[in-house]
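A quick write-up on the structure given underneath.
Number of protein chains: 2
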Amino acid sequence: MNKIKILIADDEPNQLELIRFNLTKENFDVISASDGEEALCLSEEIFPDLIILDWMMPKMSGIDVCRKLRSKSVSRDIPIIILSARGEEGDRTLGLEIGADDYVTKPFSPMELLARIKAILRRSRPSLANDYMEFEKLRIYPSTQIVKYNGEKINLGPKEFKILSLLMERPEQIFSRTQILDKVWGHGIDVEQRTIDVYIRRIRKALMIDSNESKNIIRTVRGSGYALVTSKFGFH
Amino acid sequence: MNKIKILIADDEPNQLELIRFNLTKENFDVISASDGEEALCLSEEIFPDLIILDWMMPKMSGIDVCRKLRSKSVSRDIPIIILSARGEEGDRTLGLEIGADDYVTKPFSPMELLARIKAILRRSRPSLANDYMEFEKLRIYPSTQIVKYNGEKINLGPKEFKILSLLMERPEQIFSRTQILDKVWGHGIDVEQRTIDVYIRRIRKALMIDSNESKNIIRTVRGSGYALVTSKFGFH
DNA sequence: TTTTTTTGTCATGAAACTGTAACAAATTCC
DNA sequence: GGAATTTGTTACAGTTTCATGACAAAAAAA
Numbered sequence: 065m066n067k068i069k070i071l072i073a074d075d076e077p078n079q080l081e082l083i084r085f086n087l088t089k090e091n092f093d094v095i096s097a098s099d100g101e102e103a104l105c106l107s108e109e110i111f112p113d114l115i116i117l118d119w120m121m122p123k124m125s126g127i128d129v130c131r132k133l134r135s136k137s138v139s140r141d142i143p144i145i146i147l148s149a150r151g152e153e154g155d156r157t158l159g160l161e162i163g164a165d166d167y168v169t170k171p172f173s174p175m176e177l178l179a180r181i182k183a184i185l186r187r188s189r190p191s192l193a194n195d196y197m198e199f200e201k202l203r204i205y206p207s208t209q210i211v212k213y214n215g216e217k218i219n220l221g222p223k224e225f226k227i228l229s230l231l232m233e234r235p236e237q238i239f240s241r242t243q244i245l246d247k248v249w250g251h252g253i254d255v256e257q258r259t260i261d262v263y264i265r266r267i268r269k270a271l272m273i274d275s276n277e278s279k280n281i282i283r284t285v286r287g288s289g290y291a292l293v294t295s296k297f298g299f300h
Numbered sequence: 065m066n067k068i069k070i071l072i073a074d075d076e077p078n079q080l081e082l083i084r085f086n087l088t089k090e091n092f093d094v095i096s097a098s099d100g101e102e103a104l105c106l107s108e109e110i111f112p113d114l115i116i117l118d119w120m121m122p123k124m125s126g127i128d129v130c131r132k133l134r135s136k137s138v139s140r141d142i143p144i145i146i147l148s149a150r151g152e153e154g155d156r157t158l159g160l161e162i163g164a165d166d167y168v169t170k171p172f173s174p175m176e177l178l179a180r181i182k183a184i185l186r187r188s189r190p191s192l193a194n195d196y197m198e199f200e201k202l203r204i205y206p207s208t209q210i211v212k213y214n215g216e217k218i219n220l221g222p223k224e225f226k227i228l229s230l231l232m233e234r235p236e237q238i239f240s241r242t243q244i245l246d247k248v249w250g251h252g253i254d255v256e257q258r259t260i261d262v263y264i265r266r267i268r269k270a271l272m273i274d275s276n277e278s279k280n281i282i283r284t285v286r287g288s289g290y291a292l293v294t295s296k297f298g299f300h
């Protein structure tokens with residue numbers, strides 16, 4: 065059971081601790097940074113599921129960090145919430161326009177921040193919120209770890225299930241082996257990248273044999289990774 | 065060209081008109097409702113891309129409408145923004161917990177609402193934000209590394225894809241072999257300039273064979289390099 | 001315990017990609 | 001026209017990347 069990783073960056077230790085306390089209580093895995101540069105480094109090193117950035121920080125502002133993250137494809141899709149004492153019109157819209165998903169003005173209640181975090185995660189990590197996810201003829205039930213293809217039940221091991229879930233959260237998007245390792249195994253785990261290939265093979269096999277279907281729903285993107293594809297876009 | 069449909073429900077005509085005005089200006093297709101029941105009916109009838117609900121409305125509150133929409137699978141994934149004059153803690157979190165994607169307290173500026181709408185659409189409609197580059201009949205999707213010519217899918221290797229992406233970034237502009245080498249291979253790499261010729265050949269071939277089209281979309285500029293051209297400038 | 005399932009790695013062959021050389025074709029210049 | 005230059009095209013070898021089956025260790029189930 066992998067916890068959801070949230071990165072918080074704020075230069076006020078009290079504020080940081082307050083948020084950390086509340087998020088930890090909700091069973092999130094909290095990583096903290098005390099300035100913009102640290103936030104940026106950590107973001108690229110671990111792949112958090114969500115990032116909370118204070119606007120005003122030493123070395124690099126939250127806005128700049130957000131811009132940087134949005135400019136790179138590996139971090140483009142990570143949800144970002146910006147915190148700020150600046151409640152002015154222009155500031156709020158600026159925050160959202162540069163790619164943040166939400167903008168919360170200080171002071172805010174932990175409850176509200178939490179509610180907004182959950183609202184965003186509901187969208188970006190559908191497996192956490194919905195009973196099931198559906199893509200083409202494939203349906204998976206995160207809570208019970210059941211996979212069905214065309215109504216037929218498919219048998220997958222835990223790791224296989226997690227990988228497929230990850231791919232299903234963003235169909236068409238290419239996941240690199242590193243991304244898959246980070247999300248499924250956890251960051252910093254020592255596992256060969258090629259192991260992913262083998263699991264992909266196992267998933268493909270399970271989907272084919274059990275459902276007697278020869279269509280390949282997982283696309284290999286040479287040099288990049290794997291992605292779920294609709295049959296109409298399928299390569300092979 | 066499909067416009068994005070947004071449904072607004074508010075019982076104050078002035079407010080409604082103000083929002084409608086601003087959204088129409090942004091080229092959204094705006095549908096309005098003046099009470100909760102109407103909002104619910106319209107939602108199920110026309111499947112908007114986003115719904116904005118005032119909390120306090122006759123017949124059925126925005127909260128109840130939101131609950132109803134979330135309980136049905138057809139409307140479960142439509143993003144919802146709740147507007148409210150009630151800025152209290154509990155209200156805000158209730159709105160979000162019930163399944164809304166954002167909660168905006170009145171009074172708000174049209175600019176901010178717009179920014180929040182866009183932030184949400186960015187997530188829920190990746191196809192709109194996750195854009196593609198288009199030139200003539202050629203379309204390339206950077207995030208998924210997919211190339212289409214005339215709607216048909218083209219298979220390109222990584223280097224070929226990068227070169228074509230580069231050319232697409234600035235149609236008509238001539239790229240020298242040195243420029244292409246620097247951008248695609250990286251600066252200071254030791255590769256023959258003539259190699260570019262071969263890749264151009266491969267790209268041309270892929271575009272021709274796979275789409276059964278003989279038009280040459282890549283122009284050779286003798287002594288300078290290559291460039292994408294519109295058909296009217298094409299030679300041969 | 002034994003049995004089964006899951007997990008991670010390896011070896012091997014297949015497939016795709018890369019870069020270059022060699023020659024053909026075309027363009028330019030004289 | 002003829003020589004020089006530039007580009008087009010093809011083939012080929014080297015390299016990288018991926019698919020696949022096999023296998024042993026670890027974990028879970030019986």
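Sequences listed follow chains A and B, in order. Heads up, the working numbering is the position in the first sequence plus 64, with the first residue counted as 1. Heads up, the working numbering is the position in the second sequence plus 64, with the first residue counted as 1. Idealized CB from N, CA, C, for every residue including glycine.
Per DSSP, what are the beta-bridge partners of Phe199(B) in this structure?
Leu202(B)
CB Leu271(A) to CB Tyr196(A), shorter than 8 Å?
no
Residues that Pro167(B) bridges to, as DSSP identifies them
Reading off the sequence shown, one finds Tyr at residue 167(B), where the question assumed Pro. Answer by DSSP bridge pairing, in chain order: Ile146(B).
Measure the beta-carbon distance from Ser139(B) to Leu133(B) and round it to whole angstroms, keeping in mind my assumption that it falls under 8 Å.
4 Å
If Leu185(B) sits next to Ala183(A), beta carbons under 8 Å apart, how far is it from one beta carbon to the other, in whole angstroms?
Not a contact, Cβ separation roughly 15 Å.
Please confirm if Thr169(B) has its CB atom under 8 Å from at least one CB of chain A.
no
Look at the alpha carbon of Asp155(A) and the alpha carbon of Tyr167(A), and state the distance between them as a whole number of angstroms.
9 Å
Chain B contacts from the stretch 120-150 of chain A (Cβ-Cβ distance under 9 Å)
Ser137, Arg140, Asp141, Pro143
Alpha carbon to alpha carbon, how far is Leu104(A) from Glu236(B)? Give it in angstroms, no decimals.
37 Å
What is the DSSP secondary structure of Ile281(A), counted as helix, strand or coil?
coil
For the alpha helix (DSSP H) that Ile184(B) lies in, which residues bound it at each end?
174-188
Given that Met232(A) touches chain B, what residues does it touch there, using C-beta distances under 7 Å?
Those within 7 Å of Met232(A) in chain B number zero; the least Cβ separation is about 14 Å.
What does the Cβ neighbour count give for Arg258(A), buried or exposed, with the cut at 16 atoms within 10 Å?
exposed
Applying a beta-carbon distance threshold of less than 7 Å, which residues of chain B neighbour Val285(A)?
Gln209
For Phe85(A), name the three-state secondary structure that DSSP assigns.
helix
Using 10 angstroms around the beta-carbon of Val255(B), count the other beta-carbons present and answer buried if the total reaches 16, otherwise exposed.
exposed
When the distance is taken between beta carbons, is Phe239(B) closer than 8 Å to Gly302(B)?
Within the shown structure, residues of chain B are numbered from 65 to 300, placing residue 302(B) beyond reach of any answer.
Counting only C-beta atoms, is Ile260(A) closer than 8 Å to chain B at any point?
no
How many angstroms separate the CA atom of Ile282(B) from the CA atom of Arg266(B)?
11 Å
Tell me where the alpha helix (DSSP H) around Gly159(A) begins and ends.
153-161
Examine chain A for any beta-carbon lying closer than 8 Å to the beta-carbon of Asp165(B), and answer yes or no.
yes
Using a C-beta to C-beta distance shorter than 7 Å, which residues of chain A count as neighbours of Pro222(B)?
Arg286, Gly287
Chain B contact for Tyr290(A) (CB, 8 Å cutoff)
no
Threshold first: 4 residues or longer. Then list the alpha helix (DSSP H) segments lying entirely within the stretch 95-129 of chain A, N to C.
100-109
Mark Arg286(B) as exposed unless 16 or more other C-beta atoms lie within 10 angstroms of its C-beta, in which case mark it buried.
exposed
Could you list the residues in the stretch 175-186 of chain A with a C-beta less than 9 Å from some C-beta on chain B, going in chain order?
Met175, Glu176, Leu178, Ala179, Arg180, Lys182, Ala183, Ile184, Arg186
Quick check on DSSP: helix, strand or coil for Leu292(B)?
strand
Given a cut-off of 8 Å, decide if Ala73(B) and Ile116(B) are closer than it, judged by their beta-carbon atoms.
yes
For Thr208(B) and Gln243(B), the rounded distance between their alpha carbons:
24 Å
What residue range is occupied by the uninterrupted beta strand (DSSP E) comprising Ile218(A)?
216-218
Assuming contact is defined by CB atoms lying nearer than 8 Å, are Asp75(A) and Asp128(A) in contact in what I supplied?
no
Which value, in whole angstroms, describes the spacing of the CA atoms of Asp113(A) and Met232(A)?
16 Å
Is any beta-carbon of chain A found at less than 8 Å from that of Ser188(B)?
yes
State the Cα-Cα distance for the pair Pro77(A) and Gly126(A), rounded to the nearest angstrom.
16 Å
Evaluate Gly100(B) with the Cβ neighbour count: other Cβ atoms within 10 Å of its Cβ, from every protein chain shown; 16 or more gives buried, anything less gives exposed.
buried
Which same chain residues end up closer than 6 Å to Met121(A) when comparing Cβ atoms and leaving out the 5 residues on each side of it in sequence?
Asp75, Asp99, Gly100
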